[in-house]
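In this note's numbering, the protein residues as written are 462 to 606.
Where a beta carbon is used, it is the ideal one built from N, C-alpha and C, also for glycine.
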């Protein structure tokens with residue numbers, strides 16, 4: 462799977478960890494920055510990831526900031542993006558299985574590397590269940606912004 466990954470200045474260390482982790486699991490990773498801790502605005506990087514995921518069906522995104530909240534809010538402004546703010550493995554699993562989430566969000570100030578790894582493992586090992594969830598996801602997609 463191909464992942465587009467980005468952060469703001471508050472998530473650089475966890476972004477670097479996440480990129481290496483995904484690559485070690487055999488995934489292609491495109492790091493969309495930033496590459497230092499100079500202050501930046503998270504919506505600018507959410508846009509980069511969301512546009513990339515939307516332009517290349519079958520890819521997924523990971524967005525990190527201090528809390529994950531801002532990134533998830535910015536990402537979900539894009540029609541076709543279902544960004545999930547996950548703080549543990551269970552929320553990551555449910556986001557994939559029930560919501561067909563295509564962008565994973567979390568916060569460096571909220572989760573450490575160990576928890577981030579468990580979130581990513583749950584995300585990677587879970588797929589969309591379909592069935593009764595298809596209609597619900599279709600209703601989300603039908604909402605016009």
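Beta-carbon separation of residue 473 and residue 504 under 9 Å? It is not a contact, given that the beta carbons lie outside the stated cut-off.
Note down the Cα distance separating residue 502 from residue 570, rounded to an integer number of angstroms. Annotation: residue 502 to residue 570 spans about 17 Å, alpha carbon to alpha carbon.
Separation of residue 512 from residue 522, as counted between CA atoms: Their Cα atoms are separated by approximately 10 Å.
Distance check for residue 589 and residue 559, CA to CA, integer angstroms please. If I take the Cα positions, the gap works out to 6 Å.
For residue 580, count neighbouring C-beta atoms within 10 Å of its own C-beta (all shown protein chains included) and say buried if the count is 16 or more, exposed if not. With 16 or more other CB atoms across the displayed protein chains lying within 10 angstroms of its CB, residue 580 is buried.
CB of residue 532 within 9 Å of CB of residue 544, strictly: By the CB criterion at 9 Å, residue 532 and residue 544 fall inside the cutoff.
Only counting the same chain, and skipping five residues up and downstream in sequence, which positions put a Cβ closer than 8 Å to that of residue 561? The answer, listed in chain order, is 543, 589, 594 and 598.
Residue 489 and residue 464: beta carbons closer than 9 Å? Result yes, Cβ atoms of residue 489 and residue 464 sit closer than 9 Å.
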